[in-house]
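Remarks on the structure that follows.
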Amino acid sequence: METESYVKLLIENKVGYIEFFHPNRNSMPSDILSQLQETIFEAGNNDAINVIVLKSGGDRTFCAGASFNEVIAVNDAEKGESFFSGFAHVINAIRKCPKLIIGRVQGKSVGGGVGLAAATDFCLATKYASIRLSELSIGIGPFVIEPAVSRKIGLAAMSQMTIDAETFFSAEWAKEKGLYADVFETVEALDGAVKVLAEKLSTYNPEALKQMKTVFWEGTQHWDALLIERAKISGKLVLSDFTKSTLKRFR
């Protein structure tokens, strides 16, 4: 079993598979966020790749969101903004990548992990891929990821998840709301479907795919500034006594 975190890129049949992993339920410390941003940029500019698949290692959790240990260690607003900007940079890298990105979600997602799934252009999952936005319950809020999640599932569903912060919403619910295009019984079935779709797309006209991606993301050009503004809000809130004492219970 893997014990070291990583981000890696594997190219197969013109598909670039970007995989991230962290031994603590694929949570995201700053270094992993930074590597992920760079790898998405690199894959987007690699002529050997026509389509990208975003996935995580392990067979249980897709992504547990922000690294609690790193969040607890934040002791000033600047460090807070810097940490939460990591998610902003990854979402913007996905948005600006000239290639379509398929999400492969094998298990649960919390917080920032839901944001990652929502930012992909097309997302497939297993029936175990339930989702939760727990931020309000720990004294912050899903500010950085909100534009990506609302864009995909609508403000009503986003609000429902944010307010019902301690509930996991099922993969079927996420499919109904438009986060997942399809849900599969097993990881094997998911991987088969992802491979078939990605390899089929990789044979299409790359210029048409690129232009289509631009159309999908029309009206989001202001996100570079918006998501950083949102990171500032989270960065300040994380310093509150409420958040500090709540997070200590999770250690």
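Remember, my numbering sits 983 above the position in the sequence shown when you count from 1. Heads up, the beta-carbon is just placed ideally off N, CA and C, and yes, glycines get one too.
On the DSSP bridge assignment, give the partners of residue i in chain order.
| i | result |
| --- | --- |
| Lys1091 | Thr1044 |
| Val998 | Glu995, Val1034 |
| Ala1049 | Met1011 |
Taking Cβ positions, are residue i and residue j nearer each other than 9 Å?
| i | j | result |
| --- | --- | --- |
| Lys1227 | Ile1055 | yes |
| Leu1107 | Asp1042 | no |
| Tyr1163 | Val1221 | no |
| Phe1045 | Gly1090 | yes |
| Ala1071 | Ile1211 | yes |
| Pro1130 | Trp1200 | no |
| Ile1085 | Val1177 | yes |
| Glu1002 | Leu1016 | no |
| Ile1032 | Val1073 | no |
| Ser1013 | Phe1066 | yes |
| Ile1114 | Met1141 | no |
Assign residue i to one of three DSSP states: helix, strand, or coil.
| i | result |
| --- | --- |
| Asp1059 | coil |
| Ser1065 | helix |
| Ser1228 | helix |
| Ser1112 | One point to set straight first is that residue 1112 is Ala, not Ser, in the sequence displayed. Looking at Ala1112 - three-state DSSP - the assignment turns out to be coil, as it is neither helix nor strand. |
For residue i, report the span of its beta strand (DSSP E) as first-last.
| i | result |
| --- | --- |
| Val1222 | Per the sequence shown, residue 1222 should be read as Leu rather than Val. Where Leu1222 is concerned, there is no enclosing beta strand (DSSP E), given that its DSSP letter is neither H nor E. |
How far does the alpha helix (DSSP H) with residue i in it extend, from its first residue to its last?
| i | result |
| --- | --- |
| Thr1109 | Looking at the DSSP string, Thr1109 is not in any alpha helix (DSSP H); the run it does join, the beta strand (DSSP E), is 1105–1109. |
| Thr1022 | 1013–1027 |
| Gly1175 | 1170–1184 |
| Gln1243 | What is shown of the chain runs 984 to 1234, which leaves residue 1243 out entirely. |
(request) Entirely within the stretch 1114–1166 and at least 3 residues each: give me those beta strand (DSSP E) ranges in chain order. (result) none
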